[in-house]
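Residue numbers (numbering that gives the first Met the number 0): 0 to 505.
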Amino acid sequence: MNINRQEISRLAGFVGAALLIAGYVRHTIQELWGPFNLTLIIAGAALLLVSIVLNFGTILDFFRGRSGKLGTNTVALSVAVLAILSIVNFLGYRYHKRFDLTTEGLNTLSDQTKKIVGGMQKDVKVIRFDKVDDQRLADMMREYKFINARVTYERVDPQLKPELGQKYQVKRMPDTVVTSGERIERPQADDEQSVTNALMKVTRDKLKTICFIEGHGEKDLGSQEADGYASIDKAMKSENYEVKSVNLVSSNKVPEDCAAIVVAGPTKEFFPQEADLIGKYLDGGGKALLMLDPGSDGGLNNLLKNWNIIIANDTVIDVSGVGRLFGTGPAVPLVTNYGAHPITKDLNRVATFFPFARSVDTGESAKGDVVFIKMLNTSEASWAETELKGNEAKFDEGKDKKGPVCLGVAMTKMLGENQDIRLVVIGDSDFATNNYAGKAGNGDLFLNTVNWLAQDEDLIAIRPKSPTNRSITLSESQQKTFFLLTVLLMPLVVIGTGVWIWWKRR
0 MNINRQEISR LAGFVGAALL IAGYVRHTIQ ELWGPFNLTL IIAGAALLLV
50 SIVLNFGTIL DFFRGRSGKL GTNTVALSVA VLAILSIVNF LGYRYHKRFD
100 LTTEGLNTLS DQTKKIVGGM QKDVKVIRFD KVDDQRLADM MREYKFINAR
150 VTYERVDPQL KPELGQKYQV KRMPDTVVTS GERIERPQAD DEQSVTNALM
200 KVTRDKLKTI CFIEGHGEKD LGSQEADGYA SIDKAMKSEN YEVKSVNLVS
250 SNKVPEDCAA IVVAGPTKEF FPQEADLIGK YLDGGGKALL MLDPGSDGGL
300 NNLLKNWNII IANDTVIDVS GVGRLFGTGP AVPLVTNYGA HPITKDLNRV
350 ATFFPFARSV DTGESAKGDV VFIKMLNTSE ASWAETELKG NEAKFDEGKD
400 KKGPVCLGVA MTKMLGENQD IRLVVIGDSD FATNNYAGKA GNGDLFLNTV
450 NWLAQDEDLI AIRPKSPTNR SITLSESQQK TFFLLTVLLM PLVVIGTGVW
500 IWWKRR
């Protein structure tokens, strides 16, 4: 059988193209080149080159002819269009402007994430172990990389790269790992908040301890009940804080590892020596958050008077009606007016509310280098009620204090160039309970306060949003109707229209 030169060139061209495609497809599936894939690519390229050499005269004649010139013009035009698109794409990458059209801004990273990721000085790698990629996670990680190029993302199939699976101890799929240096963290979920928290844990060098004073009927950190603090405890730990309870009677001092102390709604009075311990701790540059509910100041009133902070024996009433939007009544004052302070600077877009709160104020003059900021202020349609009888409240001129009423004060006193005293007093502890911490800006207010006291100002922000489930559940009949419309009817309409047009033109 005689095989001429033209047939050899065609066969070489077809086989070469097939080998190139096979090598590329195998590389795409396996995500590695490997000797076999490289052999396919090299062999395919060689056979295509042979085909071109054997057919060089025919190819040259084609380009000299009319069809070749038209084809050359088409190719040149296509190259020009591709070049323009490439330039536009490059400019879009360098000077990008992104628009988030979701109602909750779910495709926009939170202020906190932007601060944390933007300030990272270490390389961080996020690895997704799965056979297929999670497009939502991949898109989110692209947003992280826009902020800081030190963040990289990779999807790995542990069956194809078992050495990586063993290195990161992957026991299930899907699994996500965040790593920096020798540190490894597994986010609880693949959402923004979990990934950002994992980034913090692998890049921050030291855990700070937040100490909750106990022994006086304060809110229970471990309680899952509505009036417990379990959700806040979890939120603080997710921001890389160590949280512990401290009994001042047994310890006889504020532990040295406390970055800040928290007194959350005591119902019984502190012993005088306990109040003295807190006073000495503050005098030495300590940081404290005191949340004192109406009816009980925990015996800390005199301590606060020394700092020119006054907690009144009253209950704040809000009759603006705005609280109804959140399902609250007049005894739950709403705050949208915030003082100029790092804790509240990002809260202007959200409201906070305080169930059964008392007013907090400052004296006429500050002592020394003391700065007071009234950071939580109610509306004018409120007052501080001094004689609350049952469920009835009425403003009494001369007795009650007309709004706006201050519910929270932040105090700072400089002790030196790099040391200061920080104290925050809020006339309510219920706003941070399990029942209210997840609503409006309450949780952010508490965590921002802890961040400021612990001198972690870069964490102060509005936290990431939780995505709302917008999936639609279809009944069996609806699924059948949807299938008939989209899979059968619509294609048939298109085909039928094409056949009808062909028949009319025939």
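The beta-carbon is built from N, C-alpha and C at its ideal position, and this holds for glycine as well.
All values reported here derive from a predicted model rather than from experimental measurement.
CB Leu333 to CB Ala350, shorter than 9 Å? Position 334 of the sequence shown, counted from the first residue, corresponds to residue 333. Position 351 of the sequence shown, counted from the first residue, corresponds to residue 350. A Cβ-Cβ contact shorter than 9 Å links Leu333 with Ala350.
On the premise that Ala311 lies in contact with Arg357, defined as a C-beta separation below 8 Å, what is that separation, rounded to the nearest angstrom? Along the sequence shown, read from residue 1 onward, the residue named residue 357 stands at position 358. Along the sequence shown, read from residue 1 onward, the residue named residue 311 stands at position 312. Indeed they touch by this definition, with Cβ atoms about 6 Å apart.
Restricting to runs no shorter than 3 residues, where is the beta strand (DSSP E) found entirely within the region 362 to 413? Whole beta strand (DSSP E) segments, 3+ residues: 369 to 376, 381 to 384, 405 to 413.
Could you tell me the boundaries of the beta strand (DSSP E) in which Val125 lies? Numbered from its first residue, the sequence shown carries residue 125 at position 126. Counting along the chain, the beta strand (DSSP E) containing Val125 begins and ends at 123 to 128.
Residue range of the unbroken alpha helix (DSSP H) whose run includes Arg504: Position 505 of the sequence shown holds residue 504. Looking at the DSSP string, the run of the alpha helix (DSSP H) that includes Arg504 is 489 to 504.
Should Phe371 and Ile308 be called a contact, given that it needs their Cβ atoms to be closer than 9 Å? Here the question's residue 371 lines up with position 372 in the sequence shown. Here the question's residue 308 lines up with position 309 in the sequence shown. Yes, Cβ-Cβ distance for Phe371 and Ile308 is below 9 Å.
Is the distance from the Cβ of Asp317 to the Cβ of Thr385 below 9 Å? Here residue 317 corresponds to residue number 318 of the sequence shown, with the count starting at 1. Here residue 385 corresponds to residue number 386 of the sequence shown, with the count starting at 1. For Asp317 and Thr385, no; Cβs fall outside 9 Å.
Please classify Gly180: is it buried, with 16 or more other beta-carbons within 10 angstroms of its beta-carbon, or exposed? As a working note, residue 180 is residue 181 in the sequence shown. Gly180 should be labelled exposed.
Among Lys166, Val261, Ile40, Val359, which one has its Cα closest to the Cα of Leu303? Here residue 303 is taken as the residue at index 304 of the sequence shown, counted from 1. Comparing Cα positions, the closest option is Val359.
Does the separation of the CB atoms of Glu241 and Lys207 fall below 9 Å? On the sequence shown, position 242 is the one that residue 241 refers to. On the sequence shown, position 208 is the one that residue 207 refers to. Contact: yes.
Could you name the residues that DSSP lists as bridge partners for Ala263? Residue mapping note: residue 263 aligns to position 264 of the sequence shown, counting from 1. Paired residues: Met290.
Simplified DSSP assignment, three categories, for Asp133: Residue 133 sits at position 134 when you count from the first residue of the sequence shown. If DSSP states are grouped into helix, strand and coil, Asp133 belongs with coil.
From Ser319 to Ile126, what does the alpha carbon distance come to, in whole angstroms? Position 320 of the sequence shown, counted from the first residue, corresponds to residue 319. Position 127 of the sequence shown, counted from the first residue, corresponds to residue 126. Straight-line Cα distance between these residues: approximately 50 Å.
If you pair each beta-carbon of the region 409 to 426 with each one of the region 242 to 255, do three or more pairs fall below 8 Å? Judged by pairs of C-beta atoms under 8 Å, the region 409 to 426 does not touch the region 242 to 255, as fewer than three such pairs exist.
Can you check whether the CB of Asp313 is closer than 9 Å to the CB of Ala383? One-based indexing of the sequence shown puts residue 383 at position 384. One-based indexing of the sequence shown puts residue 313 at position 314. Taking 9 Å as the Cβ cut-off, Ala383 and Asp313 qualify as a contacting pair.
Reducing DSSP to helix, strand and coil, say where Lys166 ends up. For the purposes of this step, residue 166 is taken as residue 167 along the sequence shown, with counting starting at 1. Helix, per DSSP.
Cross-strand partners of Asn336 (DSSP beta bridge): As a first step, residue 336 is located in the sequence shown; it is residue number 337 there, counting from the start. Beta-bridge partners of Asn336 (DSSP): Asn376.
Name the residue from Asp122, Val131, Ala137, Ile146 whose alpha carbon lies nearest to the alpha carbon of Ile113. Locating residue 113 in the sequence shown gives position 114, counting from the first residue. With the sequence shown as reference, residue 113 is identified as Lys, and Ile is not the correct amino acid for it. Taking each of Asp122, Val131, Ala137, Ile146 in turn and checking the Cα distance to Lys113, the smallest one comes out for Ile146.
If you count every other CB in all the chains shown that lies within 10 Å of the CB of Asp395, and 16 or more means buried, which is it? Mapped onto the sequence shown, residue 395 falls at position 396. So Asp395 ends up on the exposed side.
Backbone CA spacing between Gly301 and Gly338 [nearest angstrom]: The count along the sequence shown starts at 1 and reaches residue 301 at position 302. The count along the sequence shown starts at 1 and reaches residue 338 at position 339. Here the sequence assigns Asn to residue 301, which means Gly is not the residue at that position. So the alpha carbons of these two residues sit roughly 25 Å apart.
Near Lys398, which residues of its chain fall below 6 Å by C-beta distance, leaving aside the five closest residues on each side in sequence? The residue labelled residue 398 in the question sits at position 399 within the sequence shown. Cβ neighbours of Lys398 within its own chain (closer than 6 Å, five residues either side excluded): Thr385.
Can you tell me the Cβ-Cβ gap for Ile508 and Val262, rounded? I've got them flagged as a contact below 8 Å. Missing from the structure shown is residue 508; the chain here goes from 0 to 505 and no further.
Need the endpoints of the beta strand (DSSP E) that Asp317 sits in, please. Here residue 317 refers to the residue found at position 318 of the sequence shown. If you look at Asp317, you'll find it in the beta strand (DSSP E) that goes 314 to 317.
With DSSP as the reference, identify every bridge partner of Lys207, one or two as the case may be. Indexing the sequence shown from 1 puts residue 207 at position 208. Its beta-bridge partners are Tyr240.
Counting pairs of Cβ atoms below 8 Å between the region 157 to 170 and the region 72 to 87, do you hit three or more? Result no; under three Cβ-Cβ pairs closer than 8 Å.
Through-space distance from Ser476 to Ser237, alpha-carbon basis: For this step, residue 237 is matched to residue 238 along the sequence shown. For this step, residue 476 is matched to residue 477 along the sequence shown. It is roughly 44 Å from the alpha-carbon of Ser237 to the alpha-carbon of Ser476.
Would you say Asp560 and Ile420 are within 9 Å of each other, going by their C-beta atoms? Because residue 560 is not part of the residues shown, which for the chain are 0 to 505, the question remains open.
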